[in-house]
Every structure is written in C-alpha cells, then in structure tokens.
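**Student:** Note that the numbering used here has the sequence shown beginning at 12, numbered continuously upward.
Ideal Cβ placement from N, Cα and C applies to all residues, glycine included.
Before we start, here is the structure in question, set down as structure tokens.
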Amino acid sequence: MKIGFFGLGNMGGPMASNLARAGHELTGYDPVGTTAEGVVAAQSATEAVAGQDVVITMLPNGKILRDVYDEIVGHGAQGALFVDCSTVDVDSALHAHARARAAGIDSLDAPVSGGISGAAAGTLTFMVGGDATAYARAVPLFDIMGQKAVHCGADGTGQAAKICNNMILGISMIGVCEAFALADRLGLDRQKMFDVASTSSGSCWALNSYCPAPGVGPKSPADNGYNPGFAAELMLKDLMLSQAAAEVVNAPTPLGAAAAAFYQAFVDHGGRGRDFSAVLPRLTEMKRGEEP
Ligand code: NAD
C-alpha cells in the first residue's frame with residue numbers, strides 16, 4: 012500500500028519504519044525534519060497525503076491533530092483510509108472523524124499502548140474506534156505495527172479505552188508506591204511485601220509487571236534509575252484527558268482526579284523526565300500531608 016505518515020517522533024518513526032520494512036511504500040512528514048529508516052521524506056503536508064491509500068497520524072496532542080486534519084483531508088484520495096494513532100481528547104478524535112467523513116474518507120481513532128519499545132519491536136496494542144469496514148481495512152497494518160488490536164466500537168471509543176485504561180494505571184501505580192513507602196516505615200522488607208502482595212488480592216500490573224521498587228520483581232525502569240519507560244508527564248497528559256472526558260459526560264472519578272493532581276504536583280516538583288514509577292522514591296522522602 013501507499014502510506015502517508017505524519018509525525019515521525021519517538022513512536023511514529025519506528026512505526027513507519029516497520030511498515031516500510033514489511034514492504035509498504037512510505038512517505039513521511041514531520042515539520043522538524045525528522046526522518047525514519049525506509050521512509051521517503053515529503054517537503055509538505057499536502058505532498059504526504061496526495062494519492063495515498065492510507066494516511067496515519069502519530070501527533071503530540073488534539074489541537075495539532077485538528078489542525079493537521081483541517082489541512083490535509085481535502086487533499087486525500089477518495090476512498091482513502093485515515094488512521095489516527097495519537098493519544099488525544101475524545102472531542103478532537105470526533106472532530107477528525109467528522110472532517111474525514113465529510114470528505115468521503117474512512118477514518119479510525121487507534122491509540123496505542125506499549126510505549127517506545129513496543130513501537131520499535133512492532134508489539135503495540137491498538138484500541139480502535141470507527142466503522143467495522145474501516146477497521147477491517149486497517150487490521151493488516153495493525154498486525155505489522157502491533158501484536159494485538161481491539162475494535163472498541165463507534166468513533167471515539169478507541170480514545171475512550173485508552174484514557175480509561177491509563178486512569179486505572181495511574182491510580183494503581185500511586186497505590187502500589189504508597190504501599191511500598193508505608194511498608195518501609197513499618198519495617199516490612201520490600202521483597203517480602205512483593206512476595207505477598209503480587210500473589211494476593213493486591214496484585215496488579217503496576218506491581219507484578221512494572222514493580223516500582225528497584226531490585227524487586229521483574230526488570231523495570233526502577234532498575235534503570237527511573238529513566239523512562241513511560242515518563243511522568245505522559246501519564247499526567249493521559250490523566251488530564253480522562254478528567255476532561257469525565258467532565259464532559261458528568262462522570263464521577265474521585266480517584267482519577269486525585270491521581271491527576273498528584274502527578275501534576277510530582278511533575279512540577281522534579282518528576283518531569285522521570286519514569287512515572289519514580290513516585291516511590293518521592294513518597295519515601297515525604298511526610299504525611301506533604302505535597303508530592
Ligand atoms: P514525539 O513528540 O516524540 O513525536 C511527535 C512528532 O509529531 C514530533 O516529531 C513532532 O515534530 C511531530 N509533529 C508535530 N506537529 C506536526 C504536524 N503538524 N505534522 C506532522 N508532524 C508533526 O511524541 P511520541 O512519544 O512519538 O508520541 C506521539 C503520540 O503517541 C502522543 O499522542 C503520545 O501521547 C502517544 N503515545 C506515546 C507513548 C510513549 O511512550 N512515547 C506511548 C503511547 C502513546
């Protein structure tokens with residue numbers, strides 16, 4: 012297929028390269044001039060869209076996604092498929108779908124989980140909103156860039172799945188870090204705490220697969236000086252998106268709101284650029300009632 016790829020950053024670059032390696036013809040566009048292996052660089056956004064069977068976007072936020080769609084949909088080929096893999100607010104995803112539909116273009120919101128390593132290894136998980144026929148067209152591409160894709164439902168439900176999942180993750184990571192910090196002060200060895208909780212009702216992905224305590228459990232960013240991994244500011248971005256969505260639909264999310272406020276304070280006070288599990292060393296320094 013002829014594929015136009017917008018946003019060749021940490022995620023988009025390796026995703027585009029994997030598609031090229033699998034034999035597709037890739038044209039990429041990124042305004043800062045980033046290139047990716049196997050991808051022909053376009054000089055303009057319109058050049059990267061014209062005549063493509065599929066256009067994939069992997070952009071920083073919803074405002075940029077809206078601007079890009081407003082600029083490019085008019086240049087897309089009739090019958091083309093547009094797939095947005097960025098993590099954005101549900102409203103921006105719906106805006107992108109509406110613009111595409113008005114231009115006779117099929118579209119999907121298809122955010123991912125799996126991070127930079129998953130993008131490089133082609134092991135991402137795609138959560139996808141949009142028509143079943145559009146989804147079926149994109150599955151062969153999801154199979155190259157990822158190891159799993161779930162069709163979540165109508166337009167916007169891919170983004171809904173992404174922010175709901177990451178709200179669980181943000182809340183549970185803080186919970187696991189609080190438990191380790193409390194265990195420390197109670198004189199409970201971290202390894203013993205892991206041995207008990209990871210096989211009891213406290214088990215969860217943040218503890219069992221991404222343990223925030225160095226030297227305990229499987230290898231994780233905690234064993235690498237808390238270098239990301241998944242940076243605290245990206246977790247904050249996703250928690251803010253779930254708060255914005257909850258506001259629109261009047262859904263109560265008391266712990267989601269607390270987790271967003273917690274990560275905001277953490278990012279503002281030294282957490283930026285560190286893995287989101289670095290909440291543990293921060294909690295071990297804090298006193299009860301102190302801001303993160
Ligand atoms: P990044 O900042 O490395 O890459 C974004 C790229 O988009 C940049 O190279 C930027 O120059 C480019 N860009 C900006 N405006 C553009 C435009 N108008 N046209 C074309 N390109 C443009 O970010 P990333 O880490 O690759 O993340 C991309 C998206 O994936 C974000 O929405 C992020 O939330 C999501 N995501 C990231 C991770 C992760 O671990 N990094 C994991 C899951 C999801």
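Could you give the C-beta distance for PHE287 and ALA242, rounded to a whole number, given that I count them as a contact under 8 Å?
**Tutor:** 7 Å
**Student:** Check whether the stretch 92 to 111 touches the stretch 170 to 177, taking contact to mean three or more Cβ pairs, one atom from each stretch, closer than 8 Å.
**Tutor:** Three or more Cβ pairs drawn from the stretch 92 to 111 and the stretch 170 to 177 lie within less than 8 Å of each other, which places the two stretches in contact.
**Student:** Pair every Cβ in the stretch 149 to 163 with every Cβ in the stretch 247 to 259, then say whether three or more of these pairs are closer than 8 Å.
**Tutor:** no
**Student:** Go ahead and pull the three-state DSSP assignment for HIS162.
**Tutor:** strand
**Student:** Per DSSP, THR68 is paired with what?
**Tutor:** Answer by DSSP bridge pairing, in chain order: PHE17 and ASP95.
**Student:** In whole angstroms, give me the CA-to-CA distance for GLY186 and GLU301.
**Tutor:** 16 Å
**Student:** Nearest by alpha-carbon distance to GLU36: which of PRO42, PRO239, GLU48 and VAL43 is it?
**Tutor:** GLU48
**Student:** In whole angstroms, what separates the C-alpha of ILE371 from that of THR46?
**Tutor:** There is no way to answer for residue 371, as the model of the chain reaches only from 12 to 303.
**Student:** Mind checking ALA271: buried by the 16 CB within 10 Å criterion, or exposed?
**Tutor:** buried
**Student:** Taking the alpha carbon of MET184 as the point to measure from, which residue in ALA27, SER55 and ARG293 has its own alpha carbon closest?
**Tutor:** ARG293
**Student:** If I'm right that ILE116 touches CYS96 with Cβ under 8 Å, what's the distance once you round it to whole angstroms?
**Tutor:** About 16 Å separates the beta carbon of ILE116 from that of CYS96, a gap too long to meet the 8 Å contact definition.
**Student:** Can we count VAL123 as close to ligand 1, meaning its CB is less than 7 Å from some heavy atom?
**Tutor:** Within the cutoff, so yes.
**Student:** Please confirm whether any heavy atom of ligand 1 lies closer than 7 Å to the CB of MET297.
**Tutor:** no
**Student:** Reducing DSSP to helix, strand and coil, say where ASP120 ends up.
**Tutor:** strand
**Student:** Rounding to the nearest angstrom, what Cα-Cα distance links PRO225 and CYS215 in this structure?
**Tutor:** 17 Å
**Student:** Quick one: using the 10 Å Cβ neighbour count with 16 as the cut-off for buried, is MET22 buried or exposed?
**Tutor:** buried
**Student:** Could you check whether the Cβ of LEU30 sits closer than 7 Å to any heavy atom belonging to ligand 1?
**Tutor:** no
**Student:** Going along the chain, which residues of its own chain have a beta-carbon closer than 8 Å to the beta-carbon of THR136, five neighbours each way excluded?
**Tutor:** VAL123, SER124, GLY125, GLY129, GLY157, GLN158, LYS159, ALA160 and VAL161
**Student:** Tell me the DSSP bridge mates of LEU37?
**Tutor:** The partner list for LEU37 (beta bridge, DSSP) reads ILE14.
**Student:** GLY62 and LYS13: beta carbons closer than 8 Å?
**Tutor:** A contact, by the Cβ cut-off of 8 Å.
**Student:** If we require 4 or more residues per run, which alpha helix (DSSP H) segments fall completely within the stretch 187 to 252?
**Tutor:** Secondary structure in the stretch 187 to 252: the alpha helix (DSSP H) runs of 4 residues or longer, each lying completely within the stretch, are 201 to 208 and 216 to 219 in chain order.
**Student:** Identify the residues that DSSP records as bridge partners of ALA52: which are they?
**Tutor:** The partner list for ALA52 (beta bridge, DSSP) reads GLY39.
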